[in-house]
Structure formats: C-alpha cells, structure tokens
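Colleague: First the structure, then my questions, so here it is.
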Amino acid sequence: LNLSEVAAVVSGRVLDGDGVEIRGVSDISGAGEGDLTFAMTEGHARAAAATPAAAVLVPEGVSVPGKPVVVVRNPKYAFVKILGMLGPREPEERGVHPAAFVAEGAAVGTDAFVGPGAVLESGARIGPGARILAGACVGRDVSVGEGATVGRNAVLYPDTVLGARSVVHAGAVLGADGFGYLQEGKDPGEAAADASRRYLQVEGPHLKVPHYGRLEVGEDVEIGAGTTIDRSTTGSTFIGDGTKIDNLVQIGHNCRIGRHVIIVSMVGIGGSVTVGDHVTIGGNCGISESVVLGDFCIVGAHTLAYPGRRFAPHTVVWGNPARPAKKFRAQLAAISSLPRIVQKVKDLEGRLRALEGGATREEGGRGA
Amino acid sequence: LNLSEVAAVVSGRVLDGDGVEIRGVSDISGAGEGDLTFAMTEGHARAAAATPAAAVLVPEGVSVPGKPVVVVRNPKYAFVKILGMLGPREPEERGVHPAAFVAEGAAVGTDAFVGPGAVLESGARIGPGARILAGACVGRDVSVGEGATVGRNAVLYPDTVLGARSVVHAGAVLGADGFGYLQEGKDPGEAAADASRRYLQVEGPHLKVPHYGRLEVGEDVEIGAGTTIDRSTTGSTFIGDGTKIDNLVQIGHNCRIGRHVIIVSMVGIGGSVTVGDHVTIGGNCGISESVVLGDFCIVGAHTLAYPGRRFAPHTVVWGNPARPAKKFRAQLAAISSLPRIVQKVKDLEGRLRALEGGATREEGGRGA
Amino acid sequence: LNLSEVAAVVSGRVLDGDGVEIRGVSDISGAGEGDLTFAMTEGHARAAAATPAAAVLVPEGVSVPGKPVVVVRNPKYAFVKILGMLGPREPEERGVHPAAFVAEGAAVGTDAFVGPGAVLESGARIGPGARILAGACVGRDVSVGEGATVGRNAVLYPDTVLGARSVVHAGAVLGADGFGYLQEGKDPGEAAADASRRYLQVEGPHLKVPHYGRLEVGEDVEIGAGTTIDRSTTGSTFIGDGTKIDNLVQIGHNCRIGRHVIIVSMVGIGGSVTVGDHVTIGGNCGISESVVLGDFCIVGAHTLAYPGRRFAPHTVVWGNPARPAKKFRAQLAAISSLPRIVQKVKDLEGRLRALEGGATREEGGRGA
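Residue numbers (the numbering used here), protein chains in the order written: chain A, 45 to 412; chain B, 45 to 412; chain C, 45 to 412.
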C-alpha cells in the first residue's frame with residue numbers, strides 16, 4: 045500500500061509523499077519504520093515526528109515536521125479503517141467440512157464454509173462466501189446472506205433471515221419463541237382500560253401465545269456472543285442494517301430495531317419495542333414492552349423505561365423511571381444535597397422556634 | 045373444526061351456528077372468509093361485524109349482529125387456545141438421527157427424536173415423544189420427560205430431571221455447579237452474628253463448595269434461550285410445574301421456584317431463594333440469596349431484594365431496596381418534588397431571615 | 045481416612061483420637077455413624093455431641109464432650125475441604141472420543157479427554173489431563189492448561205489461553221471480539237477534551253475496531269455457564285489466578301481482572317476496566333469502561349460505576365452513581381425520610397406565615 049492508495053481508502057489528501065510505501069500500522073507508542081500512524085492534535089503530531097513512522101494521518105490544520113501526512117476528517121477513524129485492511133485475516137476456509145451435517149434440501153453457496161459439527165437443517169440457504177462455523181445450528185428454511193458469519197455453537201431458529209455480511213458471534217440464539225402468555229382470569233381488555241389491573245394476581249396456568257412469525261436481521265449487523273433475539277408472534281421482529289449489538293443482550297418478540305443502532309451488554313428489551321435509527325442504549329438497561337425511542341436517542345446505562353413510554357428523537361434518556369437526562373441529573377444532584385437539606389430544615393426549625401419563643405416572651409412581656 | 049368443537053375446547057357457548065365450519069383464525073384486522081376472530085368489547089364487535097369472518101369469540105353480554113358467536117370468559121385467551129391448535133406445526137421428526145451420538149446405556153423412548161450432533165451420555169433417559177434437537181447435550185443419568193423438548197445446543201448437566209412437556213430453548217444450561225466459595229479467613233459463624241462482617245475483606249484463595257445435588261424441573265415448564273439454572277449443593281434445586289422463564293435468566297443453587305411463576309429476562313436469582321406459586325418477577329431484577337417471595341407476589345422491574353428479606357403473599361414489591369411498591373412510588377414522587385422542596389427551603393430561610401432581621405431592627409428600634 | 049490424615053489436610057490438631065476412621069462427612073443435622081461433622085460454636089458442639097458422628101471439626105476453644113475433635117482455624121472451611129475430597133467423582137474418561145473432530149495440527153496431552161461432538165481446530169493444544177466435554181469448540185491455536193475443563197458446548201475463540209485447572213462451564217464463550225466501533229463524524233480527541241461531546245449524536249455507519257489481541261485466563265479460575273469474556277484489541281484481556289466468575293457475566297475487551305476476584309451473575313464490565321486482587325462484585329452491576337477498582341474493593345449489587353471512576357483499595361462501593369457505601373446508605377436513609385421532610389417543610393411554612401401574619405398584624409396594630 046502506498047500513501048496515495050491509503051488516501052483513496054480514507055478519502056484523504058496526501059501532503060508530500062504520494063509514493064511512500066506503508067508496511068504496517070501502529071499507534072504512536074509502537075510506531076516503527078514503514079508504519080502508518082495517526083495524530084489527533086499538535087501534541088500527538090510532535091510525538092509522531094519523533095518516531096521512525098513512514099507517514100501520519102492528521103486532521104486539517106495539523107502537520108508533522110519532516111513526515112508525509114494524509115489529511116483526513118477523523119484520523120483515528122481512518123487509522124482503524126486501514127488497520128482493518130492490513131491486519132491478520134482469519135484463514136479462508138471453504139466448502140462443507142466432512143464432519144458437518146447438511147440435510148437434504150439445504151443449499152450452500154459458492155465459496156461458503158460449513159465447519160465441523162455444524163448442522164444445516166432442510167431448506168437452509170447459505171449465501172456465497174458465508175461462513176457457518178463449528179457446531180453452529182442453522183434451522184429449517186433459514187436464509188444466511190452473502191458473506192455473513194454464524195459463530196461457533198450459535199443457533200438460528202427455523203425461518204430466520206440473516207442479511208449479507210452480518211456477523212453472529214458464538215453462542216448467540218436468533219429467532220426463539222417470544223415470551224408471551226395469557227391467563228384466562230386476566231381480561232386484557234379491562235387491563236388496558238385500567239392500568240392498576242396490571243397487578244391483577246390470578247390463579248391458573250399460563251397459556252402460551254404461539255409464535256408463528258420470524259426474525260429478520262439486516263445487512264452489516266453484528267450480534268454479540270450469547271445474545272438472544274426472539275421471533276415475532278406473527279410477521280417479523282426486525283433488526284436494521286448496520287446495527288451493532290453487544291454480548292448477552294435480550295431483544296423480545298415483535299421489536300423493530302432501527303439502522304446503525306448501538307446496544308451495550310446486559311440490556312433487556314421487551315416485546316413490541318420500536319427503536320429508531322442511530323439510537324445508543326447503554327449497559328444493563330431495561331426497555332419495557334411497547335416503548336418507542338426516536339431516532340438518535342441515547343439511553344444512559346441502568347435506565348428503566350416503563351411500558352409504552354415514547355421518547356422524541358434526539359432525547360437523552362436516563363434513570364428509573366427513564367426521563368430526559370437533564371431531569372435525572374438534577375434529581376441526582378438534589379439527592380446528593382439531601383443530607384444538607386435535612387440539616388437546614390432542622391436549623392430553620394430551631395430558629396423559628398426561637399422567634400416564636402421570642403414572640404411569646406414578647407407578648408408575655410407585653411402582658412406584664 | 046366446527047363451532048361446537050371450538051366451544052368444547054374453550055368451554056364456551058355457541059349462539060346461532062353450531063355447524064359453522066372454521067377454516068382459520070385471525071385477529072379482526074386480518075379476518076377473512078371462514079375465519080374465527082375475537083372481540084373483547086362492543087366496539088370490537090362492530091368492527092368484527094364488518095369483516096367476512098365466519099364467527100366471533102365474545103365475552104358475556106356482547107353480540108355481533110349477523111354473525112354466530114361463541115360466548116367465553118376471556119375471548120382473547122380462547123382465541124390463542126384455538127390459534128395454538130390450528131397453527132403450523134413443527135415437522136414430526138422421529139428416531140435417532142444417524143449423526144447423533146448416543147452412549148451405551150442411554151435409552152430413547154418411543155417416537156422420541158434425537159437430532160444431528162446431539163449427544164446423549166450414558167444413563168440418559170429420553171421419554172416417549174420427547175425431542176432432543178440438533179447439538180443439544182444431555183448429560184449422564186439425565187431424565188427427560190414425555191413430550192419434552194431440549195432445544196438446539198442446550199446443555200443438561202448430569203442428573204438433571206426435566207418434566208413432561210417442558211421446553212428448554214436453545215443454548216440454555218441446566219444443572220451447572222452453584223456459585224459457592226469459602227475463604228479460610230472468613231468465619232461464617234461470626235459473619236452470621238454480625239452483619240457488618242459481610243464486608244470482611246480477606247486474603248487467600250477461594251475454596252469451591254462442591255455441588256453434589258441436582259436440578260429438578262417440573263412439568264409444562266418453559267425455559268428461555270441462554271438461561272442458566274444451577275444444581276443444588278445437596279438435594280435439589282426445584283422449578284415448579286407450569287413456570288415460565290424468559291431468555292437470559294440466572295437461577296442459583298438450592299432455589300425453590302413455585303408453580304406457574306413468570307420470570308422475565310435478565311433476572312438474577314441468588315442461592316437458596318424461595319419463590320411461591322403464581323409469582324411474577326419483572327426484568328433485570330436481582331433477588332439476593334435466601335429471599336422469600338410469598339405466593340402471588342409481583343416484583344417490579346429493576347428491583348433489588350436484599351439477602352434474606354421475606355415478602356408476604358400478594359405483596360407488590362419494588363425498588364432498591366425492594367419494599368412494597370406503594371412506598372417506592374411515594375418515594376419516587378417525593379424525589380421528583382425534591383428540586384421544589386430545595387427551593388422552598390431556600391425561600392423559608394429568606395423569609396425567616398427577614399423576620400429575624402425585623403425582630404432585630406425592632407429590638408434596635410426599641411433600644412433607640 | 046483417619047483423623048490424623050484429616051488433620052494434615054486441613055492444617056488442624058487432633059485431640060483424643062488420631063486413629064479414628066472417618067467413613068463420610070455430613071453436617072450436624074444428618075451426621076451418622078463414622079461421619080465427620082463440624083461445629084462453629086459451643087451450641088453446635090452440644091448438638092454434635094448428641095449425634096453418632098465419629099469426630100467433629102471445631103475452632104480453638106470449643107470442645108465436644110465424648111468425641112474426638114480436630115481443632116482448625118475455620119471448621120466450615122475445613123469441612124468443605126474434606127467434603128471435596130470424599131465426594132463422588134465425575135467418571136475419569138480419557139482419550140479422544142471417536143465422535144470428536146480433531147483437526148490436523150491439534151495436540152492432545154496425556155490422559156486428556158475430548159468428548160463426542162467436541163471440535164479442536166488446528167493448532168489447539170490440550171494439556172495433560174484436561175477435559176474437553178461434548179460439543180465444546182476449541183478454536184485455532186488455543187492453549188488449554190493441564191487439568192483444565194472446557195464444559196459442554198462452550199466456545200474458546202482462536203488464540204485464547206486457559207490456565208491449568210481452570211474450569212469453563214457449559215455455553216460460556218471466551219475470546220469473542222470486543223464491542224468497539226467508531227463513527228467518522230465523532231472526533232475522539234475533542235470528545236476526550238469535552239465530556240459533553242459524549243452525547244454527540246451523529247449519522248453514518250459504525251466502523252468496527254478490529255480485535256487482534258487475545259484472552260488469557262489464569263490458573264484455578266472458574267467461569268460460569270453462559271458467561272462471555274472478550275479478547276483484547278491488541279495485547280491481552282487478563283483474568284487473574286483463582287478468580288471465580290458466576291453464570292451470565294460479561295467482561296469486555298482489554299480488561300485486567302485481578303487474582304481471587306469474585307464476580308456474581310448478571311454483571312456487565314465494560315472495556316479497559318482494571319479490577320484489583322480479592323475484589324468482590326455483586327450481582328447486576330455495571331462497571332463502565334476504564335473504571336479502576338483497587339484491591340479488596342467490594343461492589344454492592346446493582347451498582348453502576350461511571351466511566352473512568354477510580355476506587356482506592358478496600359473501598360466498599362455502592363449505588364448509582366457508585367460511591368462509598370456509607371454515602372449511599374446515608375442517602376437511602378435520607379430518601380426514606382423524604383416524605384417526613386416534605387411534611388416538616390409544610391409545617392414550618394405554616395408557622396412562619398403565622399409569625400409573619402403576627403408581625404404584620406402587630407405592625408398594623410402599631411400603625412393604629
């Protein structure tokens with residue numbers, strides 16, 4: 045890779061050094077000869093100048109004395125892009141391993157890989173170049189898109205759709221039944237009319253709501269290890285293109301998760317939740333059923349959004365109950381000041397008593 | 045299915061139309077010719093009347109002009125029951141797949157299914173009609189009841205008992221060791237006597253408490269994808285009949301979970317917890333060791349119940365620390381009003397100072 | 045086992061009975077003839093005296109009339125140690141099961157076991173006496189230490205290192221990619237300079253930060269069922285010797301977890317967190333990226349530690365936001381008293397109004 049090629053990849057502009065060859069990439073602290081590194085600030089640039097690096101990615105307005113630079117919008121972003129291109133690759137295994145189990149009626153695309161112990165049930169369709177790693181189970185009539193990866197021991201329930209280039213990490217489970225039950229003694233009509241009925245405590249067994257729907261995962265999605273996403277009652281649960289989901293996240297039936305969403309670990313999302321595009325959800329949150337999060341919402345860690353709450357686009361949401369973060373922070377501050385407030389109220393009481401006493405004495409004095 | 049047969053299944057009463065044939069089921073919005081639909085209210089009934097539906101499930105007192113109806117206690121419940129009967133079925137696979145691994149001494153009942161890549165260790169007993177799906181591991185001496193299902197890549201540790209018709213979803217792990225350790229420098233006797241000793245911070249390695257017990261899961265239980273339930277130290281961890289557990293739930297060693305309990309996703313239940321019958325536990329809760337939840341308790345989402353706390357039957361429990369929901373809500377309201385209180389205290393202080401100043405001036409005036 | 049041998053194992057001192065034979069172990073309530081039991085207090089000792097137990101483990105200063113005793117520092121700890129020695133053993137399976145898949149270039153040590161359906165990828169090295177149970181996947185170039193156990197259907201990503209005698213429970217996933225993404229429109233340099241930039245909401249796809257590092261797990265570590273621990277971006281994520289991790293825990297990329305740490309279920313630990321030795325983390329906690337917990341810290345259940353917060357050794361940490369537990373408890377107490385405070389402020393206001401009115405009337409009187 046020479047610098048012009050680097051610049052083309054990262055939409056940058058080379059200053060002094062189009063032909064310079066890049067042999068590797070490294071951050072400043074480890075930069076050696078032939079390496080491409082990056083600087084966000086003038087300080088970084090000075091540090092980069094002192095290394096044997098061959099060239100430096102810089103933002104507009106920053107230069108590195110004595111080194112060719114590539115000017116880009118976001119040097120760290122550009123650096124990671126090149127890192128991804130030059131880094132070590134997983135070995136390019138192809139074909140169906142003799143120890144895989146491919147049912148009749150399953151189809152494996154060109155250059156796809158099916159590892160040892162992996163199972164393709166009947167009607168499963170594996171796209172060109174897709175990789176089904178060891179021990180993964182791909183259920184009946186599942187569709188795995190071109191270049192997608194299903195990790196070791198991951199499970200795709202029947203009818204699941206996984207988009208092109210999406211990655212499912214080890215042990216994740218896609219398309220299991222949603223968690224829906226009814227009790228005969230609970231009347232959902234009345235329950236809707238009277239929120240307190242939610243606390244209706246009834247006897248009798250739970251009747252399972254059957255789940256005839258499926259799960260559709262878009263393109264370029266990444267789903268973390270151990271994460272579970274349920275199929276829909278009817279129709280589909282949707283995960284939008286480009287969305288990234290951490291390990292050990294639960295997403296319920298009938299959810300519609302938007303595009304380019306970020307969901308951090310240990311989040312539980314209830315049924316029928318709508319999450320807009322570009323939303324970020326911090327760790328350990330509970331998003332109850334039927335919540336709506338508008339585009340670009342950000343949900344702070346450990347938040348609990350109550351059933352049916354709606355948040356407008358661009359809201360920063362936090363706390364239990366979830367509300368605009370400004371309010372939550374004001375409340376946290378007020379709580380922190382509580383011990384002082386308690387003391388102040390005690391003081392006021394004392395001073396008031398003194399005044400009252402004074403008044404009384406005064407009155408007494410008058411009476412005298 | 046004709047309407048009389050439907051009525052028999054849902055304990056209903058047909059009005060005008062015993063012989064009407066039902067060809068499918070659908071909610072009102074999608075109801076076509078020959079479909080059975082349901083109405084909870086007069087409004088729904090009018091909407092149902094305008095569809096080509098063949099018949100309508102209604103509660104007592106609601107009628108649908110021009111359509112035969114079946115009067116039932118809870119139309120939605122009855123609808124889901126019929127839906128479950130008429131919906132698509134998983135294919136009825138039977139027998140041991142040639143790519144399954146069945147150890148000597150394992151026994152597979154009549155009409156049971158063992159999928160490709162599934163492992164039955166020695167002494168495992170699979171009941172009649174039970175299904176062990178692809179990649180599932182059934183450990184030594186495990187007993188799987190009649191008609192039960194063990195999902196893809198799920199794991200049952202040795203000695204686990206799974207009751208009839210219970211369903212374990214993909215990737216769930218039943219019967220792993222409990223999380224119990226001792227340190228030599230911690231004296232559990234003194235710790236019991238003095239709660240502050242809990243914070244004793246000692247050096248030295250942790251000694252594992254061996255877990256020679258097992259896990260017994262009752263009948264008609266459903267256990268979600270990725271959920272983990274630990275075996276007991278000695279004796280058994282119990283999950284009662286009819287209990288439904290969502291995805292990614294953790295239940296500790298020596299717990300006794302009652303019958304018809306609902307546990308939502310991301311709940312962690314510590315060791316030796318007792319949960320009564322018909323309890324509901326919301327998402328992301330922590331139920332610490334040795335807590336007791338009486339029958340019909342409801343635990344709000346994100347609640348943390350401290351070790352050893354006991355809640356009487358029918359308590360609605362909420363918050364951190366967990367307490368009756370009424371108190372938690374009062375507290376939430378008080379917290380919401382805190383900024384106003386802070387302002388009010390400031391005002392009071394100002395007014396008091398004015399009075400005090402007045403008093404002073406007055407006194408001064410007097411002095412003059 | 046005779047009492048002298050018991051005493052040697054638990055570093056104890058026999059009083060009256062070196063040659064007594066121990067046939068089993070049991071707590072006091074179940075102690076039969078030939079059993080070893082334990083007593084923490086004088087009360088326990090009297091109860092033990094009434095059983096047919098052969099001998100009793102006691103602390104310094106406690107004796108059991110008529111029975112030989114072994115005096116130890118912590119009788120319960122000693123009891124569990126002997127219990128672990130005398131308890132039932134998993135069968136000692138050895139060798140590679142014919143239904144396992146061992147790639148060329150994988151190496152299996154003496155007396156190791158590889159179960160049915162297990163997969164060893166190329167370059168995997170299994171230490172002497174190690175056990176890879178049914179369906180487990182051991183990725184390329186993974187190293188499994190002497191006597192270690194990889195549970196059923198667990199997954200070790202390529203390059204992972206698992207130390208000697210460590211145990212990975214079923215369904216756990218070690219060494220998956222960390223959860224790291226960049227957006228071109230977010231400038232991490234400015235973000236660092238201005239914390240409010242964290243809430244920058246930008247369009248555009250997320251670029252995956254590649255993870256070329258690995259995960260190194262020390263010796264005598266136990267990792268619970270369904271737990272996930274990510275590899276490092278570069279270098280290694282570390283889990284120290286003797287650390288015990290419960291089921292369904294998430295540990296992010298680049299973390300350094302110390303030795304003899306305890307992490308309870310449903311904890312999510314973000315990227316680049318440093319946890320000292322002997323730390324205890326309660327259930328359902330969120331430990332955000334770059335937090336530092338000093339040695340011997342204890343983190344209460346449901347705590348949320350904000351990004352970058354540092355806690356000195358021996359701190360008891362609690363709440364949201366995480367802070368010294370003393371403060372959190374004071375705050376909880378203050379919150380509990382809030383409704384009373386609100387009432388008191390109302391009272392003060394009334395009394396103040398009365399005084400003010402009095403003053404006014406008084407003034408009025410004067411004016412008259």
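The C-beta atom is built at its ideal place from N, Cα and C for all residues, glycine as well.
Taking one C-beta from the segment 192-212 of chain B and one from the segment 292-308 of chain B each time, how about it: are there three or more such pairs within less than 8 Å?
Modeller: No, they do not touch.
Colleague: State yes or no: is the beta carbon of G78 of chain A nearer than 8 Å to at least one beta carbon in chain C?
Modeller: Taking Cβ atoms only, chain C never reaches closer than 8 Å to G78 of chain A, which makes this a no.
Colleague: Could you spell out the range, first to last residue, of the alpha helix (DSSP H) harbouring V53 of chain C?
Modeller: Unbroken alpha helix (DSSP H) run through V53 of chain C: L47 to V53.
Colleague: Output the residue ranges of the beta strand (DSSP E) runs that lie fully inside the segment 86-119 of chain B and measure 3 residues or longer, sorted by chain position.
Modeller: Counting only runs of 3 or more, we get 99-102 and 113-115.
Colleague: Under 8 Å Cβ to Cβ from Q375 of chain C, same chain only, skipping five residues before and after it: list those, please.
Modeller: G363.
Colleague: Just list the residues that DSSP pairs Y201 of chain A with in beta bridges.
Modeller: None; Y201 of chain A has no bridge partner.
Colleague: So, using beta-carbon positions, are E165 of chain B and A151 of chain B closer together than 8 Å?
Modeller: No, the pair does not count as a contact, with Cβ atoms beyond the cut-off.
Colleague: From the DSSP output, read off the bridge partner residues of F82 of chain B.
Modeller: In the DSSP output, where bridge partners are listed per residue, F82 of chain B has B:L101.
Colleague: Thinking C-beta only, is A174 of chain A closer than 8 Å to G195 of chain A?
Modeller: Not a contact, by the Cβ cut-off of 8 Å.
Colleague: What did DSSP end up calling V293 of chain C once you bin it into helix, strand or coil?
Modeller: Three-state result, V293 of chain C: coil.
Colleague: How long is the line joining the alpha carbons of S280 of chain C and G315 of chain B, rounded to whole angstroms?
Modeller: So the alpha carbons of these two residues sit roughly 33 Å apart.
Colleague: What does the alpha-carbon distance come out to for the pair G149 of chain A and G167 of chain A?
Modeller: When rounded, the distance between both Cα atoms is 5 Å.
Colleague: Listed in chain order, which residues of the segment 289-300 of chain A have Cβ atoms closer than 8 Å to some Cβ of chain C?
Modeller: For the segment 289-300 of chain A, which is checked against every Cβ of chain C, the residues closer than 8 Å are D290, N291 and L292.
Colleague: Quick one: does the C-beta of A398 of chain C sit closer than 7 Å to a heavy atom of the ligand FMN?
Modeller: The ligand content of the structure shown is nil, which means the ligand FMN is not present either.
Colleague: Can you tell me the Cβ-Cβ gap for A144 of chain B and G131 of chain B, rounded? I've got them flagged as a contact below 8 Å.
Modeller: Rounded, the Cβ-Cβ distance is 28 Å, inconsistent with contact.
Colleague: In this structure, does DSSP put F372 of chain A in helix, strand or coil?
Modeller: F372 of chain A: helix per DSSP, three-state reduction.
Colleague: Quick check on DSSP: helix, strand or coil for D274 of chain B?
Modeller: Strand, per DSSP.
Colleague: Report yes or no: do three or more beta-carbon pairs, one from the segment 96-103 of chain A and one from the segment 74-83 of chain A, lie closer than 8 Å?
Modeller: Yes, the segment 96-103 of chain A touches the segment 74-83 of chain A.
Colleague: If you drop the 5 nearest sequence neighbours on each side, which residues of the same chain put their C-beta closer than 6 Å to that of A420 of chain B?
Modeller: Residue numbering for chain B in the displayed model covers 45 to 412; residue 420 of chain B lies beyond these limits and cannot be assessed.
Colleague: For R184 of chain B, count neighbouring Cβ atoms within 10 angstroms of its own Cβ and tell me buried if that reaches 16, exposed if not.
Modeller: R184 of chain B should be labelled buried.
Colleague: How many whole angstroms separate the CB atoms of G424 of chain A and G338 of chain A, which I take to be in contact at a CB cut-off of 8 Å?
Modeller: For residue 424 of chain A there is no data in the structure shown, the boundaries of chain A being 45 and 412.
Colleague: Tell me, please, whether the CB atom of L45 of chain C is closer than 8 Å to any CB atom in chain B?
Modeller: Not an interface residue.
Colleague: For K111 of chain B and A52 of chain B, I'd like the C-alpha separation in whole angstroms.
Modeller: So the two alpha carbons sit approximately 19 Å from each other.
Colleague: Looking only at its own chain, which residues have a Cβ that is under 8 Å from the Cβ of N377 of chain A, when we skip the five neighbours before and after it?
Modeller: Checking the sequence, you will find Ala at residue 377 of chain A rather than Asn. Once the five neighbours on either side are set aside, A377 of chain A has no close Cβ partner at all.
Colleague: What's the C-alpha gap between H358 of chain B and A369 of chain B?
Modeller: Rounded to the nearest angstrom, the two C-alpha atoms are 12 Å apart.
Colleague: Using CA coordinates, which residue listed in C:M129, C:I176, C:S73 and C:Q227 is at the minimum distance from E190 of chain C?
Modeller: Nearest option by C-alpha distance: C:I176.
Colleague: Start and end of the beta strand (DSSP E) containing F282 of chain B?
Modeller: Run containing F282 of chain B: S280 to I283, per the beta strand (DSSP E) assignment.
Colleague: Along chain B, in chain order, which residues have C-beta atoms closer than 8 Å to that of L251 of chain A?
Modeller: By Cβ distance, chain B contributes Y121, V124, K125 and G128.
Colleague: Answer with buried or exposed for F73 of chain B, where buried requires no fewer than 16 other C-beta atoms within 10 angstroms of its C-beta.
Modeller: This sequence places Ser at residue 73 of chain B; Phe is not what is there. Counting Cβ neighbours within 10 Å, S73 of chain B comes out exposed, since fewer than 16 surround it.
Colleague: Pick helix, strand or coil for A239 of chain B, following the three-state DSSP scheme.
Modeller: Model confidence at A239 of chain B stands at a pLDDT of 39, short of 50, so the residue's coordinates are unreliable and nothing is read from them.
Colleague: Sort B:N118, B:G224, B:V265 and B:V163 by Cα distance to H255 of chain B and report the nearest one.
Modeller: That would be B:G224, whose Cα lies nearest to the Cα of H255 of chain B.
Colleague: Quick one: Cα of R354 of chain B to Cα of I313 of chain B, how far?
Modeller: Near 14 Å, if we compare the C-alpha coordinates of I313 of chain B and R354 of chain B.
Colleague: Quick one: residues in its chain with C-beta nearer than 8 Å to the C-beta of R138 of chain A, no 5 flanking neighbours on either side, listed in chain order?
Modeller: These residues qualify, in order along the chain: D155, A156 and F157.
Colleague: What does the alpha-carbon distance come out to for the pair I379 of chain C and T324 of chain B?
Modeller: Near 27 Å, if we compare the C-alpha coordinates of T324 of chain B and I379 of chain C.
Colleague: How long is the line joining the alpha carbons of L45 of chain C and L218 of chain B, rounded to whole angstroms?
Modeller: Rounded to whole angstroms, L45 of chain C to L218 of chain B spans 34 Å at the Cα level.
Colleague: Please report the distance separating the alpha-carbon of V308 of chain C from that of L348 of chain A.
Modeller: So the alpha carbons of these two residues sit roughly 21 Å apart.
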